[in-house]
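One structure is given below, encoded as structure tokens.
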Amino acid sequence: MQSGRRKTHRWMLQFEPDAPKVTDPLMGWIGSADTRTQLRLTFASREQAVAFAERNGLSYVVQEPNPFHVRPKSYAENFRA
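Going by numbering that gives the first Met the number 0, the residue at position 22 of the sequence shown is 21; the numbering climbs one at a time, nothing skipped.
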């Protein structure tokens, strides 16, 4: 399986839920009346994301991305038991 890194260099703004999720008694589906949790805004840089949050009066927490380490290995290692 291959995991690409194409869209990993963007910064994302997600809203915290304002209302708890509720379970539908008939179907068992989980839903919420809070539609802001469905929004995910992406930005090219951290500064753009922070500026947007401050301009709109939103409180925010910045989470730094985890470092990506390349572990070099040979093709033959895929077939070792």
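Quick reminder that beta carbons are idealized off the backbone N, C-alpha and C, glycines included.
* Under the three-state reduction of DSSP, which class applies to Q62: helix, strand or coil? -> coil
- Verify whether the separation of the beta carbon atoms of T41 and W10 is less than 8 Å. yes
Contact check, L38 vs F67, beta carbons under 8 Å: no
(message) What would DSSP say about T7, mapped onto helix, strand or coil?
(response) coil
Would L12 and A52 qualify as a contact pair, given that the criterion is a beta-carbon distance under 8 Å?
yes
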